[in-house]
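Colleague: Chains as they are written, first to last, in my numbering: chain A, 1 to 306; chain B, 1001 to 1306; chain C, 2001 to 2306; chain D, 3001 to 3306. No residue lacks a Cβ here, since even glycine has one placed at the ideal position from N, Cα and C. The structure displayed is predicted, hence computed values, not measured ones. Got a structure for you, written out below as structure tokens; questions coming shortly.
Protein chains: 4
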Amino acid sequence: MPGPMTGLIPAPHTPFHADGSLNLDAIALQAELFRECGLDTVFAGGTTGEWSSMTLDERRAVAERWREVGGDTLKVVLHVGANCQADAVALAAHAREIGVAAVSAVAPGYFKPTRIVDLVDFWEPIAAAAAPLPFYIYDFPGMTGVSLPMSQVIREARPRIPNLVGLKFTNSDFVEIQQCIRLDDGAYGVLLGFDECYLVGLALGMTGSVGNTYNYASPIFRRIDAAFAKGDFEAARREQRIAVDMVKVLQEFGFQAASKAVMGMLGVDCGPVRPPVRNLTRAETLSLWEKLSPLDAFPRPLRKPE
Amino acid sequence: MPGPMTGLIPAPHTPFHADGSLNLDAIALQAELFRECGLDTVFAGGTTGEWSSMTLDERRAVAERWREVGGDTLKVVLHVGANCQADAVALAAHAREIGVAAVSAVAPGYFKPTRIVDLVDFWEPIAAAAAPLPFYIYDFPGMTGVSLPMSQVIREARPRIPNLVGLKFTNSDFVEIQQCIRLDDGAYGVLLGFDECYLVGLALGMTGSVGNTYNYASPIFRRIDAAFAKGDFEAARREQRIAVDMVKVLQEFGFQAASKAVMGMLGVDCGPVRPPVRNLTRAETLSLWEKLSPLDAFPRPLRKPE
Amino acid sequence: MPGPMTGLIPAPHTPFHADGSLNLDAIALQAELFRECGLDTVFAGGTTGEWSSMTLDERRAVAERWREVGGDTLKVVLHVGANCQADAVALAAHAREIGVAAVSAVAPGYFKPTRIVDLVDFWEPIAAAAAPLPFYIYDFPGMTGVSLPMSQVIREARPRIPNLVGLKFTNSDFVEIQQCIRLDDGAYGVLLGFDECYLVGLALGMTGSVGNTYNYASPIFRRIDAAFAKGDFEAARREQRIAVDMVKVLQEFGFQAASKAVMGMLGVDCGPVRPPVRNLTRAETLSLWEKLSPLDAFPRPLRKPE
Amino acid sequence: MPGPMTGLIPAPHTPFHADGSLNLDAIALQAELFRECGLDTVFAGGTTGEWSSMTLDERRAVAERWREVGGDTLKVVLHVGANCQADAVALAAHAREIGVAAVSAVAPGYFKPTRIVDLVDFWEPIAAAAAPLPFYIYDFPGMTGVSLPMSQVIREARPRIPNLVGLKFTNSDFVEIQQCIRLDDGAYGVLLGFDECYLVGLALGMTGSVGNTYNYASPIFRRIDAAFAKGDFEAARREQRIAVDMVKVLQEFGFQAASKAVMGMLGVDCGPVRPPVRNLTRAETLSLWEKLSPLDAFPRPLRKPE
């Protein structure tokens, strides 16, 4: 059973007030936007959610609010990873208590496992603390510096993590993703986290996709889905290029902060990013708006920043 | 005009005698196999062709023989790159004289350009020496250590290299390949050189594909083409996985040498690879045969090595 | 004023019980060994101290115990860094309250600053929370993936972090360390963290050295100091080679875990390392002992593990 | 016997005319400058000599001219490496014929050996073709991408390359250099190629140093030698910093081209660098002069460029 994550899944930003403190109220606004876009699952507390810049109490508070706001109509998958295994175990247990749909954990990135068994040793008690909730591996070598072949990691983890159902694969290795997708005849959910290559994921048979841009630009990907379903690759590529263009613009300003700024332009003010990520200046935000607003990407018109 | 390279294009090995000297006679056998497989173009003198391990005289001799053997029915695209620009210019002029279909050159890999303009400065006289033959950029950052965004390189090269028609993209950056494919509404030929991701290239709209494994395993890719044309992605992925399996086996033994050994199993003895690449031992060759022969990949049965 | 860290400074392991829980009692044994070796400062809660594998409460408990055990005769410099700025600020404030000699913080390693100003923005409130305690930058690109030129970072930080007194430089860039040492005529303390190159640090004028191996192998480095002071480079190199040999052996078994095992052989049982770092097996520990015990490196005979 | 290379050894630029063609006449001017500086050995045809941008005929012509100009008073060590083993063998045989003092070869950088034995296999016939001339390994991972532990490479090569006498170590791994220096009680000459860390090499016991900046800035290094001999580390570091400052300026403009421009300022016009390396503009050359001329580094006043 490849787990509860399928299709298009936004990884929501954690909303902060202008002073950097947690703004739990904005979560309802995020959920409203997602429902409006027909999205039914969120991957909360991940990289876009700035998990590594939050205290444990804040992470728990965000999880609880997502759970409340999600109710019965928005599944919440929660990232509980941490460099400190005990912290991750505590978050996993809390996730189980509040009853999310599934949990996920990133590899530890300070002491970086170089052996597959050590990585599974790290995850095993975290997954156990969340059981019987489904557990997803979260592979993001670009952030953690841990680069191990995930199909082999799953093989090692299989007998030791019974609630393992899949992985979020934020990785550009399109050979390895094929190896993960085919494992045990598709027994594991494989969620690509590389929005500019969504079409590649469809071609290779991904289970779904978790991404930052699905927060605010899901219409592009809906159109890619539709074109792909009809076998209209010209149209699919044309749409995919809009995503590429959008991401290139965001990267120019700092992807993480710029994507958070876009939320504000959609009427969902998620506030600033936390250090060490840099926020856009007012002038940069305006320039970002000028470059993005011509794109046919967003579910609502982008409001010009004040 | 996106140039003469389309579809499936093998990058032939350079055949050597057992003592390492050039074995020009085997080129006819290679051509025979390619024709048997319905292949109509070769990319000679590239990485699989061990260009960097050959003298200039040897490279010219190989080019001439391919031209003869190719005749009117097998187009020859010739790699003429070198770290020494004057060497590459000399090879390009020779290629023009013998009348190949197109030439291509890799980036210099000892002094590595870090600015786009410097890379174009390097290629400009090489392409000019080959004119009016079409010129293809050969991007292979894994070998050269030169990693520049090729869509921007093409933009810079456009006005200065009038015979530029496309690029061989041996690179795993599937965002950048999208940028190359869309340039000037598809004006440039984009040939992916990543056989394990052939299906990805099809989905993204590549012009064709140049690869090592097309020497001996083209049937897999013909079947991917057919499945893709019918929109049967299950079948396409199944075939793509055979290619992945095959490449994993080859890599286990050293990709370059193992692929050359496979040619021998098909009755086209291309001899050893040259140093610093290591040849398989007799036992390894046998083990390679045992692992590969069950795969439905090859146009002829694999002969058991003696 | 280059701060309180000079000379040879061990970075102590955090002692755990066999079940992985904190073993605060062993800290007195560590301090006893250090005093026996004539060491007067410790750098606690750093990489060797497995900071990233500990909860905040554990980090505070360790700090307090070191402060108690250190008393007036063993200066405690405390690492308070964390990926979450608020966590680091809280630890810095706690460090000030318990009155350590200085604090230090590593760069955040999940979101990796690529601009100098962003890194200083991250550290500024942490250093402020510790003020008036002296603050040391902790540069360890091999762990954090943050690789910025520290002499320029110090220039940026100078006016914004008034309590900045130096840096712990766990980095192999021996050009950059020269730039740090010369800054403002030696105004900043520069502590090399590269034990196998201790002699290099002496030659270049480091203020001192913070290291893992000074926990258990300080006699080697005392002899290097003595040889260097006499200008006897033959002797200094001979001693340095013992350190290299020792580190090569430790690396063979996993540096972090093996070095902790050595503590046990000296009668200071610090227990296992935490995941994701792997502990030595019993057989490996014996093999480690066999390889290390011939070396003239340790202040006490190495006890054979049971 | 650690070979003929000891002390300070410049790696001369290959002089070209303004049109890029070889300017053999300037070699006498280079030699004159070196003699004036008391230098008695050159390492010709290496990286500074732009070997990879030259044809084989040009490399032979340069070698012959250096041999003539060097006569009995300037030892010529010749780099004969190439990606093509046969080319390197031919150059090695030519070097033997013209009677240079020693030869050296870099690792092949297109096909990059990852096993020590493969690298030694590559070098063995090259060294044999030069025998009985002494042979030096030339390790430059920053250019070749081949990063193998040289002390182990020497161990493997020892029985197979009887004329092996040492290595040119252009590598920042100061642990590995210690391992090379100590091999067989100092049996191998170890020449550091990292001018900004010359003092480090002295402290660790290098046999000598081969570098680009010794072409034009040997006075700095003579002063470091003198200070080191007296045990005056303050003075040695002060001088070393001049070298660091100089190299930082050169790097700002492109190290290879800027260093060639400095030769012209010393009255030894070596002309432009070849593509893909970029030459300085007139304005940049002037700016380079302005930044370098205040430094107490050069054996002659730097002439202001026209």
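Mind checking the stretch 161-182 of chain A against chain G and listing, in chain order, the residues whose C-beta falls within less than 9 Å of any C-beta there?
Modeller: Absent from the structure is chain G; the protein chains it does hold are A, B, C and D.
Colleague: Quick check on the DSSP output: the alpha helix (DSSP H) that includes threonine 2144(C) runs from which residue to which?
Modeller: First-last of the alpha helix (DSSP H) with threonine 2144(C): 2141-2144.
Colleague: Using a cut-off of 7 Å between C-beta atoms, extract the partners of threonine 41(A) located in chain C.
Modeller: The contacting residues do not exist; threonine 41(A) stays about 24 Å from chain C at best.
Colleague: Taking Cβ positions only, does glutamate 196(A) come closer than 8 Å to chain B?
Modeller: True, the Cβ-Cβ gap to chain B drops below 8 Å.
Colleague: What are the boundary residues of the beta strand (DSSP E) that includes serine 3104(D)?
Modeller: Note, serine 3104(D): beta strand (DSSP E), 3102-3106.
Colleague: Here's the rule I'm using: 16 or more other beta-carbon atoms within 10 Å means buried, otherwise exposed. How should threonine 73(A) be labelled?
Modeller: Exposed, because fewer than 16 other Cβ atoms sit within 10 Å of the Cβ of threonine 73(A).
Colleague: Check the Cβ-Cβ distances between serine 3209(D) and every residue of chain B, and say whether any is below 8 Å.
Modeller: Cβ-Cβ to chain B under 8 Å: no for serine 3209(D).
Colleague: Looking at the structure shown, is leucine 2164(C) part of a helix, part of a strand, or coil, going by DSSP?
Modeller: Looking at leucine 2164(C) - three-state DSSP - the assignment turns out to be strand.
Colleague: Quick one: which chain A residues come within Cβ less than 9 Å of glutamine 1240(B)?
Modeller: Per Cβ cutoff of 9 Å: Gln178, Leu204.
Colleague: How would you list, in chain order, the residues of chain A whose beta-carbon sits under 8 Å from the beta-carbon of valine 1200(B)?
Modeller: Simply Phe174, Val200, Ala203, Leu204.
Colleague: Suppose you measure from the CA of phenylalanine 122(A) to the CA of phenylalanine 3043(D); what does that come to, to the nearest Å?
Modeller: Approximately 52 Å between the Cα atoms of the pair.
Colleague: Taking 8 Å as the CB-CB cut-off, is valine 3244(D) touching chain C?
Modeller: True, the Cβ-Cβ gap to chain C drops below 8 Å.
Colleague: Kindly say whether methionine 1265(B), judged by its beta-carbon, lies nearer than 8 Å to any beta-carbon of chain D.
Modeller: Cβ-Cβ to chain D under 8 Å: no for methionine 1265(B).
Colleague: Within 10 angstroms of the Cβ of aspartate 3019(D), are there 16 or more other Cβ atoms? Answer buried if so, exposed if not.
Modeller: By the 10 Å Cβ count, aspartate 3019(D) comes out exposed.
Colleague: Beta-carbon separation of leucine 167(A) and methionine 143(A) under 8 Å?
Modeller: No, these two residues do not count as a Cβ contact at 8 Å.
Colleague: Step through the CB atoms of chain C and report whether any lies within less than 8 Å of the CB of serine 151(A).
Modeller: By this cut-off, serine 151(A) is not an interface position.
Colleague: Considering only C-alpha positions, which residue in the set Glu1032(B), Ala1226(B), Lys1075(B) is nearest to proline 1134(B)?
Modeller: Closest option to proline 1134(B), Cα to Cα, is Lys1075(B).
Colleague: I want to see whether chain B comes within less than 8 Å of phenylalanine 3298(D), judged by CB atoms only; does it?
Modeller: It does not: the Cβ of phenylalanine 3298(D) has no partner Cβ on chain B nearer than 8 Å.
Colleague: Which residues mark the beginning and the end of the alpha helix (DSSP H) in which phenylalanine 285(A) is found?
Modeller: Contrary to the premise, residue 285(A) reads as threonine rather than phenylalanine in this sequence. Threonine 285(A) -> alpha helix (DSSP H) spans 282-292.
Colleague: Looking only at its own chain, which residues have a Cβ that is under 7 Å from the Cβ of glycine 3267(D), when we skip the five neighbours before and after it?
Modeller: Once the five neighbours on either side are set aside, the close Cβ partners of glycine 3267(D) are Arg3300, Arg3303.
Colleague: Is there contact here, the stretch 3163-3181 of chain D with the stretch 3192-3208 of chain D, by at least three beta-carbon pairs under 8 Å?
Modeller: Flag = yes, the stretch 3163-3181 of chain D and the stretch 3192-3208 of chain D touch.
Colleague: For glutamine 1030(B), count the other beta carbons within 10 Å of its own beta carbon; 16 or more makes it buried, fewer makes it exposed. Which is it?
Modeller: So glutamine 1030(B) ends up on the buried side.
Colleague: Of all the options Val1062(B), Ser1104(B), Val1117(B), Glu1068(B), which has the alpha carbon lying nearest to the alpha carbon of asparagine 3279(D)?
Modeller: Among Val1062(B), Ser1104(B), Val1117(B), Glu1068(B), the Cα nearest to that of asparagine 3279(D) belongs to Val1117(B).
Colleague: On the three-state DSSP scale, how would you describe leucine 2078(C)?
Modeller: In the structure shown, leucine 2078(C) sits in a strand (DSSP, three-state: E or B).
Colleague: Can you look up threonine 3170(D) in the DSSP assignment and give me helix, strand or coil?
Modeller: If DSSP states are grouped into helix, strand and coil, threonine 3170(D) belongs with coil.
Colleague: I need the straight-line Cα distance from asparagine 3023(D) to lysine 3260(D), nearest angstrom please.
Modeller: Answer to the nearest angstrom: the Cα atoms are 14 Å apart.
Colleague: Roughly how many angstroms lie between the CA atoms of alanine 1101(B) and lysine 1230(B), to the nearest whole one?
Modeller: Straight-line Cα distance between these residues: approximately 32 Å.
Colleague: Thinking just about the alpha-carbon of each residue, which of Glu1064(B), Glu1032(B), Thr1041(B), Thr1281(B) is nearest to the one in proline 1004(B)?
Modeller: When only C-alpha atoms are compared, the closest one is Thr1041(B).
Colleague: Starting from valine 2268(C), trace the beta strand (DSSP E) both ways and give me its first and last residue.
Modeller: Where valine 2268(C) is concerned, there is no enclosing beta strand (DSSP E), given that its DSSP letter is neither H nor E.
Colleague: Check the Cβ-Cβ distances between glycine 3231(D) and every residue of chain C, and say whether any is below 8 Å.
Modeller: True, the Cβ-Cβ gap to chain C drops below 8 Å.
Colleague: Ignore the nearest five residues each way along the sequence and tell me which others in asparagine 1083(B)'s own chain have a CB closer than 8 Å to its CB.
Modeller: Same-chain partners within the cutoff: Pro1108, Gly1109, Tyr1110, Phe1111.
Colleague: If you measure between the beta carbons of glycine 186(A) and proline 2(A), is that distance less than 8 Å?
Modeller: Yes. Within cutoff.
Colleague: Glutamine 2251(C): buried (16+ other C-beta within 10 angstroms of its C-beta) or exposed?
Modeller: Burial call: exposed.
Colleague: Output, in sequence order along the chain, the residues in the stretch 3045-3063 of chain D whose CB is closer than 7 Å to any CB in chain B.
Modeller: Answer set for the stretch 3045-3063 of chain D: Ser3052, Ser3053, Met3054, Thr3055.
Colleague: Counting C-beta neighbours from all protein chains within 10 Å, is the total for aspartate 2245(C) 16 or more, i.e. buried, or is it exposed?
Modeller: Aspartate 2245(C) should be labelled buried.
Colleague: Could you name the residues that DSSP lists as bridge partners for proline 1010(B)?
Modeller: According to DSSP, which records beta bridges pairwise, proline 1010(B) is partnered with Gly1211(B).
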